[in-house]
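Residue numbers (the numbering used here): 2 to 158. A virtual CB, placed ideally from N, CA and C, is assigned to each residue, including glycine. To keep things clear, I will list the structure first and then write my remarks on it.
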Amino acid sequence: MKNVLVKSKESSINRPMILLALIALTLAAGALVGKKAFADDYPNGCVSCHVEGTGALDMRINAVLSRLGHGKAADRSKVIPAACDRCHASSGDGPASALRNLIHRAHYTDPDANLFVTQYAGSCLHCHAMDGASGKASVKSGERNWTPIVGGEPITE
Numbered sequence: 002m003k004n005v006l007v008k009s010k011e012s013s014i015n016r017p018m019i020l021l022a023l024i025a026l027t028l029a030a031g032a033l034v035g036k037k038a039f040a041d042d043y044p045n046g047c048v049s050c051h052v053e054g055t056g057a058l059d060m061r062i063n064a065v066l067s068r069l070g071h072g073k074a075a076d077r078s079k080v081i082p083a084a085c086d087r088c089h090a091s092s093g094d095g096p097a098s099a100l101r102n103l104i105h106r107a108h109y110t111d112p113d114a115n116l117f118v119t120q121y122a123g124s125c126l127h128c129h130a131m132d133g134a135s136g137k138a139s140v141k142s143g144e145r146n147w148t149p150i151v152g153g154e155p156i157t158e
């Protein structure tokens with residue numbers, strides 16, 4: 002009996018072609034190792050996207066947290082979101098919910114209506130960096146992009 006590719010009625014997938022395409026992509030990715038990486042449009046994570054605007058369009062972290070009734074913790078945090086770990090420990094051991102759970106919910110709940118997804122084409126690499134050598138992901142951080150104000154006076158450091 003001849004070896005014949007059988008296609009089911011439910012699917013017309015050509016498995017050998019898919020396998021060949023996956024091998025080609027793997028080889029192409031391997032050829033990029035050691036090559037210059039593409040520029041990161043969001044090198045500082047949160048503060049790369051959450052920028053100053055007017056009123057409700059001010060999306061800086063301090064403004065968003067203020068609208069949510071969070072308080073002034075953001076003003077005590079110089080590097081965002083790394084400093085948030087004081088309370089929002091990823092282990093869940095902090096006095097508040099783990100930051101990753103809050104951020105993932107805020108950015109991916111109802112993707113059809115979520116601005117992170119619909120307007121900014123939000124993806125994992127907006128917030129996370131990948132180390133190609135180790136395959137490990139990390140959370141990007143950057144210095145806050147606002148001047149803290151205490152008692153009506155800006156604080157300069």
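The three-state reading of DSSP puts residue 52 in coil, since its state is none of H, G, I, E or B. Put simply, the stretch 94 to 103 does not touch the stretch 66 to 73. Fewer than three CB pairs are less than 8 Å apart. Of the candidates 149, 157, 155, the residue whose Cα lies closest to the Cα of residue 67 is 149. Around the beta carbon of residue 52, a 10 Å sphere encloses fewer than 16 other beta carbons of the protein chains shown; the residue is thus reported as exposed. Taking 9 Å as the cut-off, the beta carbon of residue 108 is found closer than this to the beta carbon of residue 118. For the pair residue 65 and residue 142, the CB atoms are not nearer than the 9 Å cut-off.
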